[in-house]
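Taken in sequence, the protein lines are chains F and A. Quick note: the first sequence uses this note's numbering, first residue 41, plus one each step. Quick note: the second sequence uses this note's numbering, first residue 496, plus one each step. Comments concern the structure below.
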Amino acid sequence: MGRLFAVEIVYRGIFQKNLAKNISRGVVLAAHHAGKSGISFGRYGDSPERNGIPAKSFAVIGSDPETLEEGMAKYEPKEVDITIVLDDTLLKGVESWAWYGLQPINRLLRPGGTLIVTSMHDADTLIPMAHRKEAPYRLAILKGTPSFSGLWVYKDDHTDVRVLGAVARVLPELFTIDDVEKAILQEWSAPLKATSARKAYERITTRVVQPTEGNPEHPFAFQLPKWHEMREGIAIPAIPRGAPIADPVSGQSGGFRPARNPTFKKFTTRTMRPVVNFDTCVKCTLCWLQCPDSCFDVTPDGFYDANMEACCGCGVCEAVCPVEHCVTMVNETAFTDNSSQWEAWKKDRTAYAAWLQEKIRHRPERTHGFRFRGQYEQELPPMLEIAGGAGPEEPSGEEE
Amino acid sequence: MARAVEQVAAPQKETDALISGSEAIAVACKLADVDVITAYPIRPYDTVMQYVAKLVANGELDCEYIVAESEHSQFEIVKHACAAGARVFCGSSGVGWMYAFEALTVTPALRIPMVAMVGNRALDDPGAFGVEHNDALAVRDLGWQLVWVDTAQEALDTALIAYRVAEDRRVFLPCAIACDGAFLTHSQAQVKIPPQQWVNAFLPPYNRGDLLLHPDNPITVAPQVNEDWLMEIRKHNDEAMKRAKTVIKEAYADFARIFGRDYGNPFFEEYQTDDADVVLVGMGTLSMPVKVAIRRMRQEGKKVGLVRLRWFRPFAAEELAATLGRFNAVGVIDRDFSFGSPYTSGVLATEIRAALYPAEKRPPVLGFICGLGGREVTVPDVQRMTDVLLSAAAGKAQPLTTWVGIRE
Ligand code: SF4
Ligand code: SF4
């Protein structure tokens with residue numbers, strides 16, 4: 041048997057569907073120029089038409105057709121050479137449609153494999169977000185803002201070809217940058233895109249991530265039941281009623297925390313999270329009413345504390361809150377845990393106020409699709425500048 | 496739920512009534528004290544809802560009678576009512592039944608023991624309201640129980656039995672009672688209506704137990720499932736359908752004990768088969784012309800019998816194989832057709848052949864397509880089929896499928 045390669049592309053639902061497809065097609069086309077056979081496919085059942093849901097595409101390549109068949113005899117690869125992460129907030133883990141519980145982003149990565157992530161952050165920020173792995177793997181950062189576009193539009197900021205350039209660099213056995221160029225010209229007839237791919241090829245650097253680095257938390261494990269262990273009629277027991285909340289300072293009990301399915305955490309769909317200014321909140325209940333995921337726990341003192349295990353980051357609470365800057369959506373990469381904001385506020389209001397100001401001040405803007413006419417033109421130049429502008433940047437980690 | 500009519504010292508004997516097959520089913524709904532009924536008109540099924548409406552209006556039946564805006568909605572309504580503990584009834588015909596298909600597909604998987612009536616009707620060359628079995632047969636692979644009846648009396652009795660079987664905790668699968676359009680739905684016959692006490696003794700109240708959708712029993716029914724749950728759900732239904740065969744036998748035995756009407760083998764009726772050389776097999780009302788033809792042919796010395804299948808799902812394969820193996824040739828009369836199927840035959844013929852395949856004795860099975868779209872199955876038709884069958888039994892090659900009664 042020849043050599044089998046597998047690449048997975050993890051992306052955000054509808055915002056990056058076309059981007060992910062372009063990349064997985066591009067990988068197969070470039071491999072074809074390198075004399076290999078490949079198949080590109082999207083994970084079936086991920087329901088990628090949903091807003092921000094983590095979803096996957098795969099490219100499976102064999103050095104010859106028989107090896108490819110070996111690879112495709114088990115539809116989805118269980119081990120990949122490269123995981124491409126098209127939004128850095130996905131590093132916290134994914135729970136796509138057909139999965140159960142949070143799964144590490146690097147789960148399928150084989151020892152020594154490479155995680156390519158598009159991000160404006162450096163390795164020191166990104167590595168702690170991903171779960172630890174038993175064997176070392178490599179992290180490659182492709183500098184760029186998350187390439188999100190709307191449902192029916194595609195933002196051609198060259199992220200697709202830049203990823204292909206990065207792949208050529210980190211896995212030269214798969215294909216060379218010349219193969220990538222041929223594939224790009226064949227697929228898009230766009231010399232500028234080929235240039236972007238070469239720039240990415242030249243600039244990408246990798247850094248080895250050791251088993252001691254990363255999020256030490258144990259990822260969720262799930263055993264699917266046997267048929268006779270399931271209840272008839274697909275009936276499942278409801279979640280028991282929630283418990284009253286205790287005030288962390290006074291110990292006073294009251295309020296209400298709805299119980300939540302412990303195996304279904306929705307925060308991997310989140311690219312931003314709300315931070316709440318309890319000092320200005322007027323307790324109007326609108327956030328509590330409108331949150332589509334019933335995230336808000338009612339505290340004993342009548343505030344509304346968004347539960348970060350359940351929040352999908354939709355931003356509805358920010359939109360409905362009548363008080364200016366009382367609820368603010370902030371980039372998910374700015375947070376390292378999911379602990380209660382209200383508890384932090386109760387314990388130390390001054391410290392909380394400082395923390396809040398810091399989070400709000402630096403909140404990098406994110407866009408899910410295009411909200412106003414002309415936004416595409418506004419967003420494109422900086423992205424293209426990153427792609428094809430000035431000379432090579434400083435390496436963000438030690439060169440391998 | 497409260498019994499609709501308090502039977503204070505009611506006579507413990509049956510009463511006679513001249514009613515149609517549809518009306519007989521409506522009477523069964525009343526006797527079963529159905530809680531929720533939905534209605535949407537389509538011929539030939541609509542005669543049953545008209546009669547139920549009358550029963551409700553006359554104060555004879557206390558139930559929610561909901562006129563839905565489509566067949567799809569009416570099946571959805573009863574599905575949910577049934578999950579919430581109501582005994583329900585619903586039904587349709589032909590393309591109406593097909594319009595409800597999305598609701599029909601999930602009913603077995605959610606273990607909703609609804610009883611429905613299909614007034615069999617052709618699908619649907621415009622305006623053809625006559626009987627054809629393809630509408631009901633369309634659910635044969637979905638987990639529905641399917642039973643065909645022959646007379647108004649059998650319709651009434653079978654509806655009561657259907658509730659008993661469907662609502663048995665070992666089964667909990669929906670059951671459709673197929674009634675031939677016009678021949679059964681629209682013709683009136685003398686029917687014995689049992690007293691309420693007998694029905695109460697036969698049919699316990701519907702108890703959904705731990706699957707009841709109720710605030711005191713907090714469960715979620717029909718959550719979103721992923722691909723990796725499906726095989727297990729199907730296997731659950733498979734086991735229930737297998738158990739249904741046992742429960743059906745128990746129910747018929749109990750029915751005979753309480754009502755004094757013994758249907759013998761619940762799965763199929765045999766007529767003059769004891770000494771028969773060849774046998775005809777069919778479902779529904781065609782037994783009338785077939786029986787008459789058999790009596791005439793017997794006078795000519797042709798030894799022919801009839802096996803009329805009642806339960807199509809679950810299919811009594813072993814029992815049928817044992818019975819049909821006794822004959823030298825088997826002729827299956829299909830009031831349906833399956834385009835492009837094995838030997839381009841009808842559905843029943845294909846199933847009978849499949850049932851016989853592992854049997855020790857495998858007589859030739861010839862399929863006859865007959866009586867489609869409500870066309871009459873005549874005595875001469877039956878005689879023609881029998882002649883083909885006898886010639887096959889004598890070793891002469893015959894086509895595996897023959898259309899009988901078609902203009903050529
Ligand atoms: S962003 Fe706000 S409204 Fe949306 S899920 Fe989170 S808490 Fe609820
Ligand atoms: S919407 Fe804003 S002001 Fe109203 S309760 Fe929520 S956080 Fe407070």
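Built from N, CA and C at the ideal position, the CB exists for glycine as well.
Among the candidates A:Q640, A:C674, A:R664, whose CA atom is the shortest distance from the CA of A542 (chain A)? Here residue 542 (chain A) refers to the residue found at position 47 of the second sequence. The sequence shown places Thr at residue 542 (chain A), rather than the Ala named in the question. Nearest neighbour of T542 (chain A) by Cα position, chosen from A:Q640, A:C674, A:R664, turns out to be A:C674.
Residues that DSSP places opposite S515 (chain A) in a beta bridge: If you number the second sequence from 1, residue 515 (chain A) lands on position 20. S515 (chain A) pairs with A:Q683.
Can you check whether the CB of I901 (chain A) is closer than 7 Å to the CB of F863 (chain A)? As a first step, residue 863 (chain A) must be located in the second sequence, where it is residue number 368. As a first step, residue 901 (chain A) must be located in the second sequence, where it is residue number 406. In this structure, F863 (chain A) lies away from I901 (chain A), with their beta-carbon atoms at least 7 Å apart.
Across which residues does DSSP place L861 (chain A) in a beta bridge pair? Numbered from 1 along the second sequence, position 366 holds the residue referred to as residue 861 (chain A). A:G826.
With a threshold of 7 Å between beta-carbons, can P284 (chain F) be considered close to chain A, or not? Working through the first sequence from its first residue, we reach residue 284 (chain F) at position 244. No, P284 (chain F) lies away from the interface with chain A (no Cβ there is under 7 Å from its Cβ).
So what does M792 (chain A) bridge to, in DSSP terms? Along the second sequence, read from residue 1 onward, the residue named residue 792 (chain A) stands at position 297. In DSSP, M792 (chain A) forms no bridge with anything.
How about P314 (chain F): is its Cβ closer than 6 Å to a heavy atom in ligand 1? For this step, residue 314 (chain F) is matched to residue 274 along the first sequence. P314 (chain F): yes, Cβ under 6 Å from ligand 1.
Euclidean distance between Cα positions of N347 (chain F) and S189 (chain F): Counted from its first residue, the first sequence places residue 347 (chain F) at position 307. Counted from its first residue, the first sequence places residue 189 (chain F) at position 149. Their backbone Cα atoms lie some 28 Å apart in a straight line.
Can you tell me whether C354 (chain F) sits near ligand 4, meaning its C-beta is under 6 Å from at least one heavy atom of the ligand? The model on display carries ligand 1 and ligand 2 but not ligand 4.
Is A278 (chain F) close to chain A, meaning its C-beta is less than 7 Å from at least one C-beta of that chain? Working through the first sequence from its first residue, we reach residue 278 (chain F) at position 238. Chain A, which has a Cβ nearer than 7 Å to the Cβ of A278 (chain F), makes this yes.
Does the separation of the CB atoms of V874 (chain A) and A746 (chain A) fall below 7 Å? Numbered from its first residue, the second sequence carries residue 874 (chain A) at position 379. Numbered from its first residue, the second sequence carries residue 746 (chain A) at position 251. Cβ distance not < 7 Å, so V874 (chain A) and A746 (chain A) don't count as in contact.
Test: D663 (chain A) CB closer than 7 Å to a CB of chain F: Start at 1 with the first residue of the second sequence, and residue 663 (chain A) comes out as number 168. The beta-carbon of D663 (chain A) is placed no less than 7 Å from the nearest beta-carbon of chain F.
Closer than 9 Å by beta-carbon distance: list the chain A residues that pair up with E135 (chain F), in chain order. The residue labelled residue 135 (chain F) in the question sits at position 95 within the first sequence. What E135 (chain F) touches in chain A: nothing, since even the nearest Cβ is about 12 Å away.
Under 7 Å between C-beta atoms of A647 (chain A) and I672 (chain A): Against the second sequence, residue 647 (chain A) aligns to sequence position 152. Against the second sequence, residue 672 (chain A) aligns to sequence position 177. The Cβ-Cβ distance between A647 (chain A) and I672 (chain A) does not fall below 7 Å.
Any Cβ of chain A within less than 7 Å of the Cβ of A350 (chain F)? For the purposes of this step, residue 350 (chain F) is taken as residue 310 along the first sequence, with counting starting at 1. Chain A, which has no Cβ nearer than 7 Å to the Cβ of A350 (chain F), makes this no.
Could you give the distance in angstroms between the alpha-carbon of V338 (chain F) and the alpha-carbon of P298 (chain F)? Against the first sequence, residue 338 (chain F) aligns to sequence position 298. Against the first sequence, residue 298 (chain F) aligns to sequence position 258. Approximately 9 Å, taken between the alpha carbons.
Taking the beta strand (DSSP E) that M778 (chain A) belongs to, which residues open and close that run? Locating residue 778 (chain A) in the second sequence gives position 283, counting from the first residue. First-last of the beta strand (DSSP E) with M778 (chain A): 773 to 778.
What separation, rounded to the nearest whole angstrom, lies between the Cα atoms of K173 (chain F) and T107 (chain F)? Looking up residue 173 (chain F) in the first sequence gives position 133. Looking up residue 107 (chain F) in the first sequence gives position 67. Going by the C-alpha atoms only, they are around 28 Å apart.
Is it buried or exposed, Y852 (chain A), if we count other Cβ atoms within 10 angstroms and call 16 or more buried? As a working note, residue 852 (chain A) is residue 357 in the second sequence. The residue in question, Y852 (chain A), is exposed, as its Cβ has fewer than 16 Cβ neighbours within 10 Å.
Classify K132 (chain F): buried if its beta carbon has 16 or more other beta carbons within 10 angstroms, exposed otherwise. Taking the first sequence and counting its residues from 1, one reaches residue 132 (chain F) at position 92. Buried, by the Cβ-count rule.
For the putative contact between A180 (chain F) and L155 (chain F), defined by C-beta atoms under 8 Å, what is the C-beta separation to the nearest angstrom? As a position in the first sequence, residue 180 (chain F) is number 140, starting the count at 1. As a position in the first sequence, residue 155 (chain F) is number 115, starting the count at 1. Approximately 7 Å separates the beta-carbon atoms of A180 (chain F) and L155 (chain F); this is inside 8 Å, confirming the contact.
Please confirm whether L605 (chain A) has its beta-carbon closer than 7 Å to some beta-carbon of chain F. Working through the second sequence from its first residue, we reach residue 605 (chain A) at position 110. Yes, L605 (chain A) lies at the interface with chain F (some Cβ there is under 7 Å from its Cβ).
Within the present structure, is the beta-carbon of A22 (chain F) separated from the nearest heavy atom of ligand 1 by less than 6 Å? A query on residue 22 (chain F) cannot be resolved here, the shown segment of chain F reaching from 41 to 440 and no further.
Can you find a heavy atom of ligand 2 that lies under 6 Å from the Cβ of V338 (chain F)? Locating residue 338 (chain F) in the first sequence gives position 298, counting from the first residue. V338 (chain F): no, Cβ never under 6 Å from ligand 2.
Let me check you understand the geometry: is the CB of K306 (chain F) closer than 6 Å to at least one non-hydrogen atom of ligand 2? Locating residue 306 (chain F) in the first sequence gives position 266, counting from the first residue. Closer than 6 Å to some heavy atom of ligand 2: that does not describe the Cβ of K306 (chain F).
May I ask you to report which of helix, strand or coil DSSP gives W267 (chain F)? Taking the first residue of the first sequence as position 1, residue 267 (chain F) is located at position 227. Secondary structure of W267 (chain F) (DSSP, three-state): helix.
Output yes if chain A places a C-beta closer than 7 Å to the C-beta of L148 (chain F); else output no. The residue labelled residue 148 (chain F) in the question sits at position 108 within the first sequence. No, because no Cβ of chain A sits closer than 7 Å to the Cβ of L148 (chain F).
Taking DSSP as the reference, what is the three-state secondary structure of T309 (chain F)? Here residue 309 (chain F) refers to the residue found at position 269 when the first sequence is read from its first residue. The answer is helix: DSSP assigns T309 (chain F) an H, G or I state.
Touch test, the region 227 to 238 of chain F against the region 265 to 277 of chain F, Cβ-Cβ under 8 Å, three pairs minimum: With a cut-off of 8 Å, the region 265 to 277 of chain F and the region 227 to 238 of chain F do not count as touching, because too few Cβ pairs lie within range.
C-beta contact flag for V68 (chain F) and A99 (chain F) at 7 Å: By 1-based counting over the first sequence, the position of residue 68 (chain F) is 28. By 1-based counting over the first sequence, the position of residue 99 (chain F) is 59. Less than 7 Å divides the Cβ of V68 (chain F) from the Cβ of A99 (chain F).
I'd like to confirm the pairing. Which residues does DSSP put opposite W898 (chain A) in its beta bridges? Reading the second sequence from its first residue, position 403 is the one you call residue 898 (chain A). A:I864.
Tell me, please, whether the CB atom of A275 (chain F) is closer than 7 Å to any CB atom in chain A? What you label residue 275 (chain F) is simply residue 235 of the first sequence in a count that begins at 1. Chain A contact via Cβ: present.
What are the boundary residues of the alpha helix (DSSP H) that includes F697 (chain A)? As a working note, residue 697 (chain A) is residue 202 in the second sequence. Where F697 (chain A) is concerned, the enclosing alpha helix (DSSP H) stretches over 691 to 697.
What residues match up with P314 (chain F) in a beta bridge as DSSP calls it? Indexing the first sequence from 1 puts residue 314 (chain F) at position 274. Paired residues: F:M369.
Going by alpha carbons, who is nearest to A739 (chain A) out of A:N823, A:F807, A:A631, A:E564? Here residue 739 (chain A) refers to the residue found at position 244 of the second sequence. Minimum Cα distance to A739 (chain A) is reached at A:F807.
Compute every distance between the C-beta of C670 (chain A) and the non-hydrogen atoms of ligand 1, then say whether any falls below 6 Å. Numbered from its first residue, the second sequence carries residue 670 (chain A) at position 175. Flag unset: Cβ of C670 (chain A) not near ligand 1.
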